Amino acid sequence: MDKIKLELIIERDESKMKAIKKIIATAICLMIIIGLCIFNPVSATEEPLLTVAFMSDLHNQQSTLESGNIRNSITKVCDDLATNENTDVLVIGGDVTSDSYVSKPVLESVLNKVVNETNKVTKNTLWITGNHDYNAGERDGYDSAPYYEFYMKQNVGELSDLESYYEEYKGEPQLLAYHYVIKGFDFICLNTSHEMLEGGKQNSNYAYSDGTMSWVDNKLEELGKNKTVFVIGHFPFRDSHSLSSSSKGMTVECDNKFKSILSKYPNVLYFYGHDHGTDSAYIRSDTAQRTTEYLADGSIKPEISGIGDSVLWTLEKTNDGYSLQNVQIGKYLGYDGNLNTIENRSSWEIVKNDDSFTLKYLENGRSLHIGTGNKFSLGSASPIKFYQQIGEEYLESNSLTEGAKYVLVSNENYALTNLTNGATGESIRLEPLYVEKTENGICDAKIAEPSFISTFMGSLRYYNNNIEDGPTVEDSKVVQNLMMYVYKD
Numbered sequence: 001m002d003k004i005k006l007e008l009i010i011e012r013d014e015s016k017m018k019a020i021k022k023i024i025a026t027a028i029c030l031m032i033i034i035g036l037c038i039f040n041p042v043s044a045t046e047e048p049l050l051t052v053a054f055m056s057d058l059h060n061q062q063s064t065l066e067s068g069n070i071r072n073s074i075t076k077v078c079d080d081l082a083t084n085e086n087t088d089v090l091v092i093g094g095d096v097t098s099d100s101y102v103s104k105p106v107l108e109s110v111l112n113k114v115v116n117e118t119n120k121v122t123k124n125t126l127w128i129t130g131n132h133d134y135n136a137g138e139r140d141g142y143d144s145a146p147y148y149e150f151y152m153k154q155n156v157g158e159l160s161d162l163e164s165y166y167e168e169y170k171g172e173p174q175l176l177a178y179h180y181v182i183k184g185f186d187f188i189c190l191n192t193s194h195e196m197l198e199g200g201k202q203n204s205n206y207a208y209s210d211g212t213m214s215w216v217d218n219k220l221e222e223l224g225k226n227k228t229v230f231v232i233g234h235f236p237f238r239d240s241h242s243l244s245s246s247s248k249g250m251t252v253e254c255d256n257k258f259k260s261i262l263s264k265y266p267n268v269l270y271f272y273g274h275d276h277g278t279d280s281a282y283i284r285s286d287t288a289q290r291t292t293e294y295l296a297d298g299s300i301k302p303e304i305s306g307i308g309d310s311v312l313w314t315l316e317k318t319n320d321g322y323s324l325q326n327v328q329i330g331k332y333l334g335y336d337g338n339l340n341t342i343e344n345r346s347s348w349e350i351v352k353n354d355d356s357f358t359l360k361y362l363e364n365g366r367s368l369h370i371g372t373g374n375k376f377s378l379g380s381a382s383p384i385k386f387y388q389q390i391g392e393e394y395l396e397s398n399s400l401t402e403g404a405k406y407v408l409v410s411n412e413n414y415a416l417t418n419l420t421n422g423a424t425g426e427s428i429r430l431e432p433l434y435v436e437k438t439e440n441g442i443c444d445a446k447i448a449e450p451s452f453i454s455t456f457m458g459s460l461r462y463y464n465n466n467i468e469d470g471p472t473v474e475d476s477k478v479v480q481n482l483m484m485y486v487y488k489d
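Residue numbering for the sequence shown is 1 to 489, as defined by full-length UniProt numbering.
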C-alpha cells in the first residue's frame, strides 16, 4: 500500500478574505491512512512517487465562453503548478464549460486555450465530464465534451477496448468510463452520460449510468485490493462531509449502488467536484473538512468510537422548560445558524408522547429533527427517546429526572452528539453516533471494517458565499485545487 498526502492549494485575494481567517497558509495538509497501512511522517527530503494536481469546475461560461476566452484563474493556477510543482498527472474534474450555447469553432478555441495552459503543467492530463459540459453543443447538435478524442488519445495514450466503456448516444459511441495506468498507478475515471443530462436534467439527475457503475465494479475486481486505486468522478455522495446540500450529491439510487461497489474496496480513493456553492463548500481550515472515510457497510466512519461524554447531555430545569448541557464540552444544546452547541443556557419544551418525546426550542419554535444521513437539525419534530446513564448502562426512560445524564436517540439507532458537520449557517447539522439497542436500553455498536475514502478536488469557481459578491463569469476571489502526493510505504 502507499502513503498518501493531500494538500489543498488556495489562491486568495488577501483584501477580500476576512471571512476565512482560519486559513493561514497557502497549503493545508492532511495525512490519511489507506487500507491497513501505517502512515509515518514524510521526511523533508523524501521525493513522492507520484504527484497529482486536480482542477475541477473551471466553468468557462456565458460572456467568457461566448467570446472564446477562458477564466484568468485557470492561467494563474497552471502557472503556479508549473512553477512550484513537479506534477505527474493533472486531473480536470468536469464542468470545463457551462451555461451557454456556442458554435463548434468557438468551443474548440476555448478548449485549445485550456490545453495551452494545462500543457505547462503536464501532458498527462485526464479529463472527465460534469453535468454542464454538454451544454455548449446542444443548440448546434455537436459533442462539446470530446475530451478523449480531442486531447487524451494523443497525449495520454489510446485506450484499448478492455480499458474503456462506451454507451451509444444518438447513434454515436460515448465514452463513459476509462482506465489508465500512469507511473504504475491506476486511475479509473467516470464520465457523465449526455442522455441522462439532457435538458433540465443537468441540474438534478446527478448520476452515473448502471452500465458505467458495473464496468467500474468489474475493473476494481480485476485490479484487486492490494494496491491503491484512484477513482475520479464529478458527483459527490449525498452524505459527504461539508456538502452544501444533500441534493448536490448523487441521486439516491446512484448513491446507494455506487457506494455498495466502492465499499468493497478499502484501497480506493474517490475524488469528486461539483459542489462549490455556499460557505460550506470552500475549504476554510483543513483539507479534512471535505474528506470522508467510509466503512465496508457504506456508512461513514464515526468520529466517536462509542457512547461517552460527547453523546451525554445533562438535563436541568429552566424557568420555562429544560436545558441540555453536553457533558464533554460543557456547552448547551441550542441555536447558532441551526442546531448547535452554545455557551448560554437555553430552554427546550419537552413533551412526552406514547413511547418517545418531542423537543421544541423555545427561542424560535423549531423542533429537534433528524434528517438526511441521520444528522440532527432544527425543523419538524422527530420522535426522540431518552436513555439515562445508570452506572455503565444506558436505560430507556419514560420520565425525566433533573440532573440526570441522558443519551438522546432517534430513528431507533442514532444518538445526538456534540460534533457539527463542518458546515455554516442553516447547513449546520449535529452528527449522529450509531448505537445498538438492548432489551432495556442501548449499547456501543459494532462497526464495520474501514473502506474507501472520498475527498473534494476543490473548485476554480465558488459562488453564493460571504466572499464572492455573487456568481462570477470571469474570475473568482476564492480558487482552490487539491494536490496529492504519494510516497513509498
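Ideal Cβ positions, reconstructed from N, Cα and C, are used throughout, including at glycine. Note that the coordinates shown come from a computational prediction; the quantities given were computed from them, not determined experimentally.
Per the coordinates, the alpha-carbon of D133 lies some 5 angstroms from the alpha-carbon of D95. For K219, the enclosing alpha helix (DSSP H) covers residues D210 to L223. Y414 has its alpha-carbon roughly 11 angstroms from the corresponding atom of G371. Taking all protein chains shown into account, K248 has 16 or more neighbouring C-beta atoms within 10 Å of its C-beta and is therefore buried.
When C-beta atoms of the stretch 225–244 are compared with those of the stretch 197–205, fewer than three pairs fall below 8 angstroms, so the two segments do not count as touching.
Fewer than three beta-carbon pairs drawn from the stretch 447–457 and the stretch 419–429 are found closer than 8 angstroms, and the two stretches are therefore not classed as touching.
A residue is called buried once 16 or more other Cβ atoms fall within 10 Å of its Cβ, and L368 is buried on that count.
Counted as a single uninterrupted DSSP element, the stretch harbouring Q202 is not any beta strand (DSSP E), since DSSP gives it neither H nor E. As for any beta strand (DSSP E) of minimum length 3 sitting wholly inside the stretch 400–434, the runs are 405–410 and 414–420, ordered along the chain. For F258, no beta strand (DSSP E) encloses it; the enclosing alpha helix (DSSP H) starts and ends at V252 to L262. When the beta-carbon positions are compared, M484 and V52 come within less than 8 angstroms of each other. Contact fails between the stretch 105–124 and the stretch 245–262, because fewer than three Cβ pairs, one in each stretch, are under 8 angstroms apart. Taking I74 as the centre and dropping the five residues before and after it, the same chain places the C-beta of L58, V114, E117 and L460 closer than 7 angstroms to its C-beta, in chain order.
Positions of the beta strand (DSSP E) runs, each at least 3 residues long and wholly inside the stretch 62–105, are given as 89–92 in order along the chain. Counting the other CB atoms within 10 Å of its CB gives V351 a total below 16, which places it among the exposed residues. Excluding its 5 nearest sequence neighbours in each direction, N135 has C-beta neighbours in its own chain below 6 angstroms: S98, listed in chain order.
For A288, the three-state secondary structure derived from DSSP is helix. When the five nearest sequence neighbours on each side are left out, the beta carbons in the same chain lying within less than 8 angstroms of the beta carbon of G308 are those of Q328, in order along the chain. By the neighbour-count definition (other C-beta atoms within 10 Å, threshold 16), Q154 is an exposed residue.
Per the Cβ contact rule, the stretch 225–234 is in contact with the stretch 181–194 (3 or more Cβ pairs under 8 angstroms).
Under the 10 Å beta carbon count, E436 is surrounded by fewer than 16 other beta carbons and is classified as exposed. Rounded to whole angstroms, C78 and K120 show a C-alpha spacing of 7 angstroms. For Y394, the enclosing beta strand (DSSP E) begins and ends at E393 to S397. Cα atoms of S305 and K264: separation of roughly 22 angstroms, rounded to the nearest angstrom. Scanning Y166, L159 and I261 for the CA closest to the CA of A296 turns up I261. Each of H179, E393 and T122 was checked against the Cα of A82, and the nearest Cα belongs to T122. With fewer than 16 other beta carbons inside 10 angstroms of its own, N464 counts as exposed. Every beta strand (DSSP E) stretch that sits fully inside the stretch 123–164 and reaches 3 residues is listed by chain position as 125–127.
Nearest to V216 by alpha-carbon distance, out of A177, W348, R139 and C254, is A177.
Residue environment: S310 is assigned as buried (16 or more neighbouring CB atoms within 10 Å of its CB, all protein chains considered).
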